[in-house]
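Here the protein sequences come in this chain order: A and B. Using our numbering, the letters of the first sequence map in sequence onto residues 29 to 840. Using our numbering, the letters of the second sequence map in sequence onto residues 29 to 840.
There are 2 protein chains.
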Amino acid sequence: MINLLREGFVMPLGPNTETSLDTPDTPDPLDEEELSALDAHWRAANYLAVGQIYLMANPLLTEPLAPEHVKPRLLGHWGTSPGLNLVHTHLNRVVKARNLDAICVWGPGHGGPAVVANSWLEGSYTETYPDITRDTAGMARLFRQFSFPGGIPSHVAPETPGSIHEGGELGYSLSHAYGAAFDNPGLLVACVIGDGEAETGPLAASWHSNKFLDPVRDGAVLPILHLNGYKIANPTVLARIPEPELDSLLRGYGHEPLHVTGDDPHTVHQTMARAMDEALDRIAAFQHAARTEGAAERPRWPVIVLRTPKGWTGPAEVDGLPVEGTWRAHQVPLPAVRENPDHLRQLERWLRSYRPEELFDEHGSPREQVLACVPDGAHRLGANPHTNGGLLLRDLPVPSLERFAVPVDKPGATAHEPTRVLGDLLAQVMADTGERRDFRLVGPDETASNRLQAVYEASGKAWEAQVLSTDEHLERGGRVMEILSEHTCQGWLEGYLLTGRHGLFSCYEAFVHIVDSMANQHIKWLRVARRLPWRRPIASLNYLLTSHVWRQDNNGFSHQDPGFVDHVLNKSPEVVRVYYPPDANTLLCVSDHVLRSRDYVNVVVAGKQPCFDWLDLDAARAHCARGAGIWDWAGTETDLGEPDVVLACAGDVPTLEVLAAASLLRSHLPDLAVRVVNVVDIARLLPMEEHPHGMPDSEYDALFTPDKPVVFAYHGYPWLIHRLAYRRANHPHLHVRGYKEEGTTTTPFDMVVRNDLDRYRLVMDVIDRVPGLAVRAAALRQRMVDVRYRHHDWIRAHGADLPEVAEWTWSQ
Amino acid sequence: MINLLREGFVMPLGPNTETSLDTPDTPDPLDEEELSALDAHWRAANYLAVGQIYLMANPLLTEPLAPEHVKPRLLGHWGTSPGLNLVHTHLNRVVKARNLDAICVWGPGHGGPAVVANSWLEGSYTETYPDITRDTAGMARLFRQFSFPGGIPSHVAPETPGSIHEGGELGYSLSHAYGAAFDNPGLLVACVIGDGEAETGPLAASWHSNKFLDPVRDGAVLPILHLNGYKIANPTVLARIPEPELDSLLRGYGHEPLHVTGDDPHTVHQTMARAMDEALDRIAAFQHAARTEGAAERPRWPVIVLRTPKGWTGPAEVDGLPVEGTWRAHQVPLPAVRENPDHLRQLERWLRSYRPEELFDEHGSPREQVLACVPDGAHRLGANPHTNGGLLLRDLPVPSLERFAVPVDKPGATAHEPTRVLGDLLAQVMADTGERRDFRLVGPDETASNRLQAVYEASGKAWEAQVLSTDEHLERGGRVMEILSEHTCQGWLEGYLLTGRHGLFSCYEAFVHIVDSMANQHIKWLRVARRLPWRRPIASLNYLLTSHVWRQDNNGFSHQDPGFVDHVLNKSPEVVRVYYPPDANTLLCVSDHVLRSRDYVNVVVAGKQPCFDWLDLDAARAHCARGAGIWDWAGTETDLGEPDVVLACAGDVPTLEVLAAASLLRSHLPDLAVRVVNVVDIARLLPMEEHPHGMPDSEYDALFTPDKPVVFAYHGYPWLIHRLAYRRANHPHLHVRGYKEEGTTTTPFDMVVRNDLDRYRLVMDVIDRVPGLAVRAAALRQRMVDVRYRHHDWIRAHGADLPEVAEWTWSQ
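1. Can you tell me which of the three DSSP states residue 834(A) falls into?
2. Can you find at least 3 beta carbon pairs, one from the segment 290-309 of chain B and one from the segment 320-333 of chain A, that sit closer than 8 Å?
3. What's the call for residue 275(A), buried or exposed, on a 16-neighbour Cβ count within 10 Å?
4. Reducing DSSP to helix, strand and coil, say where residue 279(B) ends up.
5. Within the same chain, show all residues whose beta-carbon is closer than 6 Å to that of residue 792(A), passing over the 5 residues directly before and after it, in chain order.
6. Closer than 7 Å, Cβ to Cβ, to anything on chain C: give me those residues from the segment 498-515 of chain B, in chain order.
7. Just the Cα atoms here: how many angstroms apart are residue 11(B) and residue 222(B)?
8. Could you check whether the Cβ of residue 402(A) sits closer than 8 Å to any Cβ belonging to chain B?
9. What residues of chain B sit near residue 374(A), judged by a beta carbon separation below 7 Å?
10. Following the continuous alpha helix (DSSP H) through residue 472(B), name the residue where it begins and the one where it ends.
11. Let me know if residue 259(B) comes out buried or exposed under the rule of 16 or more other beta-carbons within 10 Å of its beta-carbon.
12. Just to confirm, are residue 764(B) and residue 740(B) a CB contact at a threshold of 8 Å?
13. Determine the chain A residues that contact residue 196(B) at a beta-carbon separation under 7 Å, and present them in chain order.
14. Tell me which residue opens and which closes the alpha helix (DSSP H) that residue 70(B) is part of.
15. Just to confirm, is the Cβ distance from residue 199(A) to residue 230(A) under 8 Å?
16. Listing by chain order, which chain A residues have their CB less than 8 Å from the CB of residue 555(B)?
17. Just to confirm the assignment: which complete alpha helix (DSSP H) runs, minimum length 4, are found wholly within the segment 325-385 of chain A?
18. Please state whether DSSP places residue 251(A) in a helix, a strand or coil.
19. Run the CB neighbour count on residue 840(B), radius 10 Å, all protein chains shown included, and call it buried at 16 or more, exposed below.
20. If you follow the alpha helix (DSSP H) that residue 565(A) is part of, which residue opens it and which one closes it?
21. Please check the pair residue 850(A) and residue 593(A), which I expect to be a contact at CB under 8 Å, by giving their CB distance rounded to whole angstroms.
22. Taking only beta carbons into account, state which residues of the segment 113-131 of chain B come closer than 8 Å to chain A, listed in chain order.
23. List, in order along the chain, the chain A residues whose C-beta lies closer than 7 Å to that of residue 598(B)?
24. May I ask you to verify whether the segment 823-840 of chain A touches the segment 685-698 of chain A, counting CB pairs closer than 8 Å and requiring at least 3?
25. Taking 8 Å as the threshold (beta carbon to beta carbon), is residue 478(A) in contact with chain B?
26. Name, in chain order, the residues that DSSP records as bridge partners for residue 201(B).
27. Enumerated in chain order, which unbroken segments of the beta strand (DSSP E) with a length of 3 residues or greater are wholly contained in the segment 566-616 of chain A?
28. At 7 Å on the CB atoms, spell out the chain A contacts of residue 542(B), in chain order.
29. Once the 5 residues before and after residue 448(A) are set aside, which same chain residues still bring their CB inside 6 Å of it?
30. Using 8 Å as the threshold, is the segment 633-640 of chain B in touch with the segment 664-677 of chain B, meaning 3 or more CB pairs across them?
31. Short of 8 Å in beta carbon distance, which residues of its chain neighbour residue 119(B), apart from the five on each side in sequence? Order them along the chain.
32. Just confirm the distance between the C-beta atoms of residue 162(B) and residue 393(B), as a whole number of angstroms; I'd bet it's less than 8 Å.
33. Can you give, in chain order, each stretch of the alpha helix (DSSP H) that sits fully within the segment 81-165 of chain A and has at least 4 residues?
34. Which residues in the same chain have their Cβ closer than 7 Å to the Cβ of residue 827(B), if we skip the five residues on either side of it in sequence?
35. Just reading off the beta strand (DSSP E) that residue 533(A) is part of, what are its end residues?
36. Whether or not the segment 538-558 of chain A and the segment 475-491 of chain A are in contact is what I'm after, with contact meaning three or more pairs of Cβ atoms, one per stretch, closer than 8 Å; do they touch?
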């Protein structure tokens, strides 16, 4: 054991740390028997973690350890594992003693061996994977499969029973924990936060989630900040500031810290048990006060600060360098066990230091004492159904669309703000889930800006901090969640969905890039989870991206980025869906679909500005069901032959420009056969081998023709369409317009002109591409050029769009 | 004025807030004359901010305000502007009084009108834009251009003199401020942080930057947390927690807070002046102690908490609803001035409340009193050369590559870890800038993991927190920066580069997605700045992406994502460059180029694992200069005709697999003419009209042939290559292999097999695509199928790759 007091690892307690638990006059919470049992469980878990990293045979050391018992590739993260095992052991104790419904989010999920070890000990692993039996043979398979080709990954992952959190990319544990706790008033969500993860932005922001947790309607989150002092190769910030400063930080986050510090196992067991008891007593008291006495003050929820050595109980020194208690314990402390007899001996000594013969019987099964702290059935952390949320999921009551659809007698005669229309539907969903409380809307302070404020009629905005009389719609237990952190919004929603509930994330289109990497990780989670038969499908993660690139009148260039779609379309096609509803009714139909769907990440891009109503509800339903279709009322095809040109569009603004271009062509070149195709479901452009929604070539050719010019006006970066359609026969004739990073604070029409997506440019594109038109329509082309110049002068003089554009209305 | 004490806007001071500045016994720092002058400057700035939002004529209200004086589209953010103006006014005072070298990062950059107003007042705006004169005509143009087509954006932006920070996407102000302060010991960097921005993850993480700021070698950062209480539509968290809790939070971040609270301008002026003096006195004392007395304790740097109403001095009520001091003041408080006579009257009253006749003379120029607080020349915040970093930039001393290149007598005879070789070069750069201190290396705790640890010989890792004797390479004033926050790394580096220095960001490839949106914003900044003649070119932002998708042996699926390249290639081609050096010497050549370059975002993807050396330095230089070329020593072309097939590759692992496939083909089909093409600079595949590096069709055809099958093994998502090359004549014959989201914790070769990028699959692809081979090479194809099956069984049995793969060496 290293001496933690050496060199100030343990800071002197400051004036703020009166809640430190080391005061000598408190009686020990554990008697000898319980202490011994907890320590046995911890040792067993540590033994199993080391075994997973190193062994492929001789799991119980029934013979002397030999090189051939050791894996050829030593992978895994030992450093965090003993700490995770300690937390799991002590969670077991309180869950059992208090009969809790509890889960744990393991932020340092790199310590996969620890969480897997605990699941195997409690039996949930064998229930999930029957071939990994709780005996010597199963232990051998457990060891061998870890980080082994064909086996399990090195992190906590979808494959891990009891997990809702992949431990690979750091930063999201605490927001996942809060997401799990919302609307689960009976649930305790423990959350281990590593001091490395604590340095990330998303984690730092998510501490303030406690201002959004209602002690009446939500469960409790118990953060356990585990300071083992090091990241991969560096000390951590929070472990190297004075303890009073850390204490002040946590109080500033709104928590009451409980400090557990040490490196002597028995002492730490006692202190940790006392901290757990104290924390759970306080949580119970806060909940009781709020639920039965109507206490309105925001609780100062407890946080446990656990300061133990990295790689605790592992090799103190290797090759003359200190390992335990340093960053060198991060991954595999003894790296050359197969080749180096000293390392082999050290490994054997290390494994035997846990006294496996006391922990496992002659069949390799955990002995009774080891399992004494383990709770039963669904109380086990690896078997709680909240961590396999699909088990608890109920269908969302999406109301009939008829009540919300806008009437459309003829296309383009009226206009609505699509997201406002959707807001009415969402308000109804919010109202209809008022009792069930399994639907939440999240967004970074943009619900009203995105025109969804009708939802406030059904639920206010969650808010547990101070309220002033001028405030509107703030509500304890509100299910609309607004914090100016896309990361926290995303993390909350993921945690909420993974525990079997429903939701939607509304976000400015440009700023959803802030959560690119989180979306990545969630898609990867779903892709793996879908292939695990025991993981039940969960509700899809639905993005509503609005305030989009074409209508950033107020904000300009920094707010223009339609590339999130490009990003997610690189990911597993079985998970990703992207929709561009062109008007209010199509947005309703798409939303109805995505809200009912399972195991997808759905991206819906829709405008919040007034937009012509093109399709009535029936037509919208049919169009969205097809995902792409001909709008014959907008084109000028007159027979069953092929048109001269196809004008295609995806997105509300491109659809407007295409219809205006079609209208110009009808007026000026009435004999030109123009087909208008609108695409809602962008993955339909892909070959059917590449995406479940991809259309067969025959259907593609029927829509877009095999060889006629296609002028495609697209909402996003134009080359995405080429990337989707490059295998189609007609690809050489596909010409795409879209956003090409030309923007500033300007008018809506100036935006499309700057990016060559405007109606006049589209008419020119048609003239340039249809054989024979170049000469015949030269005068029309010149008029198009002229009006674009006129636009240029006009907006600089008047600060507004050309009257003929601003006042344009659709007519057939 | 609203009453801030109403409803507890001002919290009672708690026990921790002993540094609050409201104690009645302190004498006022401002005499009547100075107070009056500061208030005049503030009123003038406020007047100019309102004028920019509303007016297109009658700027000085020399006639009654009429609807036609008002802009047709009212855009802008008033709410934050008076607070920014207050800060600017008081910064002017202290900069002048103390003769400071100071800049300010304006986090609430939505308040563009405020910063522009101040620049105009101090004269730096007119110096930058001579047509915006400091008189009535110039004021009229100043007003009109704001958020007007052809004018300037609504946010603080590259167009704004004195800015290094776009105010659009929130979260990065404080890390930018620290980046600016590093290695600028004489500089004060003030940083206004809005309480909205303070909720974001990146901002929350960046508070801990003070553990990396050296009081000796770095400048000072003065954060000013501006609590105006509201975001777009919601209260902010930090404004609605009790002041003692906020105070505790800031102390936990390592700061000493100075609270300035109020809504009476004269009182706030006095308190703010006192806070500024106190803060600067403390900063000076800390610097003095560290620089001349060798004090080693980390300073508790001051932070000012400025709590004033949102939209302060604007309309208190509009249409019967409270506006000043609420979220309704966020954008345009009077929305219908042109149509609603009441609004028009209110606007006129509002504008006249600043008493413009006292502020501007009959020519529209600011009066002497208004300018009394304004410093001179480069001391003005809008004219400090640090904010136009190219003015201060010196060429980086990149040493001769000969000293670092690895000897290559023949291709593939030796192997090196490319990033380790680069590490030696970077160490030399670090050493050679030891005096100049204008080069930093940033990374999220991965410098050593990425094999760049040689740099520690020249500079340690910046660290101002506690140091233990077991620590290595920690150093006060070190120029290697490691914190487990990609956001903070990126923000630091951006701030450092924008103030005229050099740097490199080394990052795990998958996790650079964490800063997707920051990269977006920096690329947008550069794209705009490049078009402003007065902005001098700055050093490029260089990413070294390593620990890449193909070699995540230890971590698996969550660590596999090569999509950052797809993301940045959507952005402005004049800014973005992407390189895939295939070995150590090409990495040196590419690094040499990017380190010397200006105004780019360079993405370099390179491996850290041992990799065959293919090219000696001369060949590497020639190859990198071309960006793509034929490796004739690897192919089997024998004459000047066209080959039967082209095997193309980009990336180190694909290059290895292509060379192995070429080797198999040479052995088994010796008469097949195989050409091997390696691509380093991926943008070369684009048409020359689409990217400055794009190659003409003639060159493309010469490399890839116009019509022969091309089997392209690519490092990333395969469709990116199609997106780049779809316009080429040979595109129908282009077949791309790449990463397709198939991965887990497994061996390197299993990764390429899972994604069909392995040598055997590539041979099959050749056989399937070269006419006539299907029959002739059927047996070879079957052998390829068989070996892939054998691989499958072997790794599951042995946990390691097939011996013939693991031991494969290149031979011609």
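The C-beta atom is built at its ideal place from N, Cα and C for all residues, glycine as well. Quick caveat, the model's predicted, so the values are computed rather than measured.
Per the coordinate set shown:
1. Start at 1 with the first residue of the first sequence, and residue 834(A) comes out as number 806. Helix.
2. no
3. Within the first sequence, numbered from 1, the residue matching residue 275(A) stands at position 247. Buried.
4. Along the second sequence, one-based indexing puts residue 279(B) at 251. The answer is helix: DSSP assigns residue 279(B) an H, G or I state.
5. The sequence position of residue 792(A) within the first sequence is 764, counting from 1. Around residue 792(A): 809, 812.
6. Here chain C cannot be found, since the structure's protein chains are A and B.
7. As displayed, chain B neither begins before 29 nor continues past 840, which places residue 11(B) out of reach and without an answer.
8. Here residue 402(A) refers to the residue found at position 374 when the first sequence is read from its first residue. No, its Cβ sits nowhere closer than 8 Å to a Cβ of chain B.
9. On the first sequence, position 346 is the one that residue 374(A) refers to. Within chain B, no residue comes near residue 374(A); the closest Cβ sits about 19 Å away, beyond 7 Å.
10. For the purposes of this step, residue 472(B) is identified with residue 444 of the second sequence, where counting begins at 1. No alpha helix (DSSP H) holds residue 472(B); DSSP gives it neither H nor E.
11. On the second sequence, position 231 is the one that residue 259(B) refers to. So residue 259(B) counts as buried.
12. Mapped onto the second sequence, residue 764(B) falls at position 736. Mapped onto the second sequence, residue 740(B) falls at position 712. Yes; because the gap between Cβ atoms is below 8 Å, this pair is in contact.
13. By one-based count along the second sequence, residue 196(B) stands at place 168. Those within 7 Å of residue 196(B) in chain A are 583, 586, 587.
14. The residue labelled residue 70(B) in the question sits at position 42 within the second sequence. Unbroken alpha helix (DSSP H) run through residue 70(B): 60-82.
15. As a first step, residue 199(A) must be located in the first sequence, where it is residue number 171. As a first step, residue 230(A) must be located in the first sequence, where it is residue number 202. Yes.
16. As a working mapping, residue 555(B) is identified with position 527 in the second sequence. What residue 555(B) touches in chain A: 769.
17. 369-380
18. Numbered from its first residue, the first sequence carries residue 251(A) at position 223. Residue state, collapsed to three classes: strand.
19. Your numbering for residue 840(B) matches position 812 in the second sequence. Exposed: under 16 other Cβ atoms inside 10 Å.
20. In the first sequence, the residue the question calls residue 565(A) occupies position 537. Element bounds for residue 565(A): n/a, residue is neither H nor E.
21. An answer regarding residue 850(A) cannot be provided, because it is not within the stretch 29 to 840 covered by chain A.
22. none
23. Sequence index remark: in the second sequence, residue 598(B) carries index 570 (1-based). The contacting residues are 591, 594, 745.
24. yes
25. Translated into the one-based positions of the first sequence, residue 478(A) becomes position 450. No - not a single Cβ of chain B is within 8 Å of the one on residue 478(A).
26. Start at 1 with the first residue of the second sequence, and residue 201(B) comes out as number 173. Note: residue 201(B) sits in no beta bridge, so no partner.
27. 569-574, 604-607
28. Against the second sequence, residue 542(B) aligns to sequence position 514. Within chain A, the residues near residue 542(B) are 545.
29. In the first sequence, counting from the first residue as 1, residue 448(A) sits at position 420. Closer than 6 Å at Cβ, skipping near neighbours: 479.
30. no
31. For the purposes of this step, residue 119(B) is taken as residue 91 along the second sequence, with counting starting at 1. Excluding residues within five positions, the ones whose Cβ falls inside 8 Å are 130, 132, 218, 304, 409.
32. For the purposes of this step, residue 162(B) is taken as the residue at position 134 of the second sequence. For the purposes of this step, residue 393(B) is taken as the residue at position 365 of the second sequence. That belief holds up - the Cβ atoms of residue 162(B) and residue 393(B) are roughly 5 Å apart, short of 8 Å.
33. 109-126, 140-150, 152-156
34. One-based indexing of the second sequence puts residue 827(B) at position 799. None.
35. Here residue 533(A) is taken as the residue at index 505 of the first sequence, counted from 1. That run of the beta strand (DSSP E) goes 530-536.
36. no
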